[in-house]
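Single-structure report; data block below.
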Amino acid sequence: MCGFGSVFLFSHAYAKQEGDARFRNAVIELNTIEIESGSLDVENVTKVKKESIPEEHLAEGEMLFYARDYPRAAVVLTEIIEKYPDTPSQIDALWLRGETYYGSKEYLAARRDYRALVFKAAEERFQYYLAKALARLIDVSVRTNDLDSLEEIVHQLGSLVDKLQEPALFYARGKGLYLKQRFAEAAESFRAVPDGTSYAHQARYFEGLIALKAAPPYEPLRSTDDVKAAAFQVYRQAIAFFQRVTQLPADTAEQRQIVDLAWMAIGRLFYQMESFSSAIEAYSHIARDSLEFATMLYEIAWVFLRSGDLPRAERALEILAVSNPDSGYVGDGTLLHADILLRDKNFDQALKLYESVRMQYDPMRIQVEDFLTSTTDIAVYYQKLSQRETDSLEQKDQLPPLAIRWAREGQDGKIVFSIVDDMRDCQFLIKQSQLLIEKLNAVLNQSGKVHTFPSLRSLEQRALSLTHRVTRARLEIAGGIDSEDQGNQFSQVQAVRSRRRALMSSLRLLPTTAADFDMIKQMSIRDWSDLAHQLSVVSLEIEKGTASLKGLNRFVYDGIQNASKAEQGQFQTLSEKVKAIESMLIQYRARFSSLRREIEKGQAQLNATGASYQMDSEKMVQFRELLEEEVSLMLGGQSTEDGKKFAAQVVPLLSQASKLEKYLLEEYNVIEDRVRVETAEFKSKLNDESVKIAFYSDTLRSIDNQARDLLGRVAERNLMLVRDKLRGIVLRADVGITEQSWEVREDEIGKLRGLQLKRSHEEKILDEELREVLDEGEGEKRVLGAAARDSQ
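Just remember that the working numbering sits 11 ahead of the position in the sequence shown, which is counted from 1.
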């Protein structure tokens, strides 16, 4: 009995110790929560949000600009210009946005911003960017072929040059004068740009171009010696200017490009002067990573050819074909290579090159001609060039990518096709904006809309965390009661206690840290991620089917073109089956796009609050009520002596916990009220943006209708030029094949004639030897006859 008594006393002491520890933990936790709850200041957070300075946005836009993320930079800078019109940041943002548009080759939009800076130059705060804006306006005029606007810009620059004495202004004015063909004044402006400045390379290069303007027209085979001497003298002066460019240090990619252009100009001038070794030396300075490398290889091959070095000419053309197979020089270069092989009597290799060119370019010619003859509707050309390569599955509906690229590089092609690309990009951006508005509306219409506002979301998460910690403190109190009141046999207390204990396991899982909230969110994301993964597998299968269908279309198209009459029916049947599969694939694509939008909406609505928090809140309230009822019963006498004492101790703690919870709930409701206000404002802005998007869509549709005729006609003309170029290449290949056959024939005839001459020569020698033998025989007969007569 003494042993059992000792065990009982020990367990009682241990329970007493555990209860005291849990009591102390609850006291510490509630006091800590009370201190931390003072940091929940909704008004201060919203004030800081509203007082965000434009310089922060400007720094963000500048970083995006230097990272060459031009679309996002333009959005940020536009926001600064619209929201902060009377701040210094607005001027910087206007300049940076112009540079952003210029960097993304949206020259008309860039011109608008540069003109705005020039227009407001009377204000002192805009003076800093005046010279730079005028210089950029000249570049824009050149790139948009708007030379009519140069006169006014040059005039404004002339009034600034003497006052500011900036190299950039001298260079910009010189460039404008050069484009106006006022070469003497332009040369004077370029000479004012000193070496060592950022525009020295360009100025020296333009000086070389101006020097060439003084050269008389020179044609190597037709010009007189006097014209030749005068032209060569001017060439030497121009070469001196270009050599000055090559001697300047090139620290940027733009400067290295200008140095390469200078070396190219030197090589071409030496070639014109028939100084082939000097031309080869100049061309050899072009590095493999230069934009001029392909042009250099083609031109240096001609230099080697003119100098009689056929092996090095072949080597240059081989490198051109391997290093840049998409270059516009590849076709001409391959034909030139074949001509060199033909001249070198390497007939088999020459024939292979001629036939390879024909096999490569003749199908393109057929496709372009079929397209040109298939329609006379100008709008079709615009539609064809507006759609992406993957938009059409039928092979016959596709134009060769090389033909499209040549059309883009043709007359007015860059400007026209840039408009086509811009229209297509605008249509894509409008669709993306509409989808984004749908996502935002889905987020704003759900219970967890607080996640749309990061600052309020952080506050609400902290409020929830503190509220959950209050419940954790109550759990400590409940654990202390279980330790102190172990022998309680009162049925009413036991009923309440069992219900309270049933809730404790789930309440221990309440999130109290940022990591806990992230874990709950990740659990919510997992299901959507699984769906997105399954959809990506479907997308891969659709892409595989698309690729296979393209191959089938190509097979059917070639089969119909080349099949005999007996096989035409089979290919037509196969074509109908392929079209049926294509129709199904289009339906799958539409369903896939719909499912992807739904998944994106679902992912946008993910949050760590919402329905799950509502259930947790109900459990916390139920747990609080049960715990307070249990303590009340214990104080009313339904408890052991130790339990009653512990219940008396925790009454102040429960009161403190209730006050804290009430305060936190009030703060939570304030945050929710703030969220509702912010949501209403955001929805109003979103509705305004929806109206703007609809207006932009209508405007774009109107511009698209206006542009169809003009752009379609330019596209038709350029495609005709591409057709003629392809015809020329194929014709040259055919001529080369004919010449190769003729050369082989002539070579065989030459060999035959050589054999005939050799044979006649050998026959002549044999005849002579035979005559000599016969003559010797006749002589011997005469001698023998004379001897016989003498003997007689």
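Backbone N, C-alpha and C define an ideal beta-carbon position, used for all residues, glycine too. Since the model is a prediction, treat every value here as computed from it, not as a measurement.
query                                                                                                                        : result
Local Cβ density within 10 Å of PRO322, reported as buried at 16 or more and exposed below that                              : exposed
Distance between GLU552 and GLN545 (C-alpha atoms, nearest Å)                                                                : 11 Å
Burial state of TRP753 (16 or more Cβ within 10 Å)                                                                           : exposed
Reference SER385; option with closest CA among ARG508, LEU119 and GLU727                                                     : GLU727
C-alpha gap between ALA120 and ILE377, whole angstroms                                                                       : 39 Å
Rounded distance between the beta-carbons of ASP493 and PHE657, thought under 8 Å                                            : PHE657 to ASP493, Cβ: 10 Å. No contact.
Alpha helix (DSSP H) segment containing PRO178, residue limits                                                               : 178–190
Under the three-state DSSP convention, the category LEU41 falls into                                                         : helix
Backbone CA spacing between VAL746 and ALA195 [nearest angstrom]                                                             : 48 Å
Limits of the alpha helix (DSSP H) - the one that HIS296 falls within                                                        : Note, HIS296: premise wrong, no alpha helix (DSSP H); not H, not E.
C-beta atoms of ILE102 and ARG136 nearer than 9 Å                                                                            : yes
Whole-angstrom distance between ARG473 and TYR674, CA atom to CA atom                                                        : 13 Å
Alpha helix (DSSP H) runs wholly inside the stretch 278–344, at least 4 long, in chain order                                 : 287–294, 304–318 and 321–334
Buried/exposed call for ASP627, threshold 16 Cβ in 10 Å                                                                      : buried
Within 9 Å, strictly: CB atoms of GLU218 and ARG202                                                                          : yes
DSSP three-state assignment for ASP262, whether helix, strand or coil                                                        : coil
Collapsed DSSP secondary structure at GLN457 in the structure displayed                                                      : coil
Backbone CA spacing between LYS61 and TYR112 [nearest angstrom]                                                              : Since pLDDT at LYS61 reaches only 49, below the 50 mark, its modelled position is unreliable, and the value read off the structure follows with that caveat. About 29 Å.
Inter-residue Cα distance where the pair is ASN564 and ALA414                                                                : 20 Å
Sub-9 Å separation of ALA276 and ARG267 beta-carbons                                                                         : no
Chain-order list of residues whose beta-carbon lies under 8 Å from that of LYS630 (same chain, five-residue window excluded) : LEU514, SER517 and LEU518
Whole-number beta carbon distance between VAL548 and GLU641, since they are thought to touch under 8 Å                       : 54 Å between Cβ atoms; not a contact.
Buried/exposed call for LEU721, threshold 16 Cβ in 10 Å                                                                      : exposed
Spatially closest choice to ILE351 from TYR365, SER338 and GLY339, by CA coordinates                                         : TYR365
Limits of the unbroken alpha helix (DSSP H) element including ASP150                                                         : 141–154
Within 9 Å, strictly: CB atoms of LYS671 and ILE44                                                                           : The amino acid at residue 671 is misidentified as Lys; the sequence shows Leu. It is a contact, given that the beta carbons lie within the stated cut-off.
CA nearest to the CA of VAL681, picked from LEU560, ARG317, VAL87 and LEU467                                                 : LEU467
C-alpha distance - ALA211 paired with PHE130, whole-angstrom precision                                                       : 29 Å
DSSP three-state assignment for GLU135, whether helix, strand or coil                                                        : helix
Beta carbon of VAL504 nearer than 9 Å to that of GLN649                                                                      : yes
Inter-residue CB distance, GLU47 and SER100 (contact presumed, cutoff 8 Å)                                                   : That belief does not hold up - the Cβ atoms of GLU47 and SER100 are roughly 37 Å apart, past 8 Å.
Whole-Å CB distance - GLY187 paired with ILE740, under 8 Å assumed                                                           : About 39 Å separates the two Cβ atoms, so there is no contact after all.
Distance between SER469 and ALA543 (C-alpha atoms, nearest Å)                                                                : 28 Å
Reduced DSSP secondary structure (H/G/I, E/B, other) of PHE15                                                                : Bear in mind that the predicted position of PHE15 carries a pLDDT of just 40, short of 50, making it unreliable; the figure below should be weighed with that in mind. Correct three-state label for PHE15: helix.
Rounded straight-line distance, which links the Cα of GLN438 to that of LEU711                                               : 8 Å
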